[in-house]
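So for the sequence shown, numbering that gives the first Met the number 0 puts the first residue at 0; every next one is plus one.
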Amino acid sequence: MDYGLPKNFVQDNEAKSTKGILRGLHYQLNSPQGKLIRVILGSILDIAVDVRTGSPTFGKSKSVVLSGINKKML
0 MDYGLPKNFV
10 QDNEAKSTKG
20 ILRGLHYQLN
30 SPQGKLIRVI
40 LGSILDIAVD
50 VRTGSPTFGK
60 SKSVVLSGIN
70 KKML
């Protein structure tokens with residue numbers, strides 16, 4: 000499906016966390032970039048917040064469980 004997103008990734012990062020870890024909020028004012036988040040092993044609760052002023056959904060959030068089993072990506 001085409002959602003108007005770039006097809007080529009220019010950077011790939013991998014992070015490892017242990018149980019009970021709370022990771023921080025990530026935001027870029029200058030040079031914004033999209034991110035694709037997936038979990039290979041285990042699970043996380045990922046929460047996205049719309050911080051675009053002027054957006055009809057400004058301040059609203061969406062949470063989703065990502066896991067190696069459900070293979071959802073955000």
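Yeah, the Cβ is synthetic: ideal placement off N, Cα and C, and Gly gets one too.
Just so it is clear, the structure is predicted and the values come from calculations on it, not from any experiment.
Length of the line joining the Cα atoms of residue i and residue j
i, j, result
"Ile-43", "Gln-10", "22 Å"
"Asn-29", "Lys-15", "26 Å"
Short CB-CB distance (under 9 Å) between residue i and chain C
i, result
"Ala-14", "Of the protein chains in the structure, only one exists, and it is not chain C."
From the options, residue whose alpha carbon lies closest to that of residue i
i, options, result
"Ser-62", "Ile-46, Thr-52 and Ile-68", "Ile-46"
"Val-50", "Leu-35, His-25, Ile-68 and Lys-70", "His-25"
"Phe-8", "Ile-36, Gly-19 and Ser-16", "Ile-36"
"Gly-19", "Asn-69, Gly-41 and Asn-12", "Gly-41"
"Gln-32", "Asn-69, Gly-67 and Pro-5", "Pro-5"
"Glu-13", "Gly-23, Pro-55, Ile-39 and Gly-67", "Ile-39"
Presumed contact (8 Å Cβ cut-off) between residue i and residue j, rounded CB distance
i, j, result
"Leu-65", "Lys-71", "5 Å"
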